[in-house]
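Participant: Right, I'll just put the structure down here and ask away after.
Residue numbers (the working numbering): -6 to 86.
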């Protein structure tokens, strides 16, 4: 997801990366984004510090935390694209 104000923590490529994404959105509340993804799109994510406030301090995402997106083994390409499309639409408003 290459948009202004979007920060992906960790490796920027999938090489050596687990499919767990901690994403931050400048000037956006991760809790509000998670609620919109759930309520309007049926996409479940997890906002916050994820029981790891010291890790978030190290990443520079404290106190707001991050929005965690964790695709599963059976997540389809279409579902990933739906998530990207949903985020683009939400962030455009």
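Note that CB positions come from ideal geometry on N, CA and C, so glycine has one too.
For residue 76, count the other beta carbons within 10 Å of its own beta carbon; 16 or more makes it buried, fewer makes it exposed. Which is it?
Facilitator: buried
Participant: Based on Cα-Cα distance, which residue from -5, 6, 25 and 7 lies nearest to residue 83?
Facilitator: Relative to residue 83, the option among -5, 6, 25 and 7 whose CA is nearest is 25.
Participant: How many whole angstroms separate the CB atoms of residue 63 and residue 12, which I take to be in contact at a CB cut-off of 8 Å?
Facilitator: 7 Å
Participant: I'd like the span of the alpha helix (DSSP H) that includes residue 46, first residue to last.
Facilitator: 46 to 52
Participant: By the three-class DSSP mapping on this structure, what secondary structure does residue 13 have?
Facilitator: coil
Participant: Can you list, in chain order, the residues of its chain with a C-beta nearer than 7 Å to that of residue 31? Leave out the 5 residues immediately preceding and following it.
Facilitator: 37
Participant: If you measure between the beta carbons of residue 18 and residue 3, is that distance less than 8 Å?
Facilitator: no
Participant: Cα separation between residue 47 and residue 54?
Facilitator: 10 Å
Participant: Tell me whether residue 40 is buried or exposed, calling it buried when 16 or more other Cβ atoms sit within 10 Å of its Cβ.
Facilitator: It counts as buried.
Participant: Check the DSSP bridge columns for residue 19 and list the partner residues they point to.
Facilitator: Partner(s): none; residue 19 has no beta bridge.
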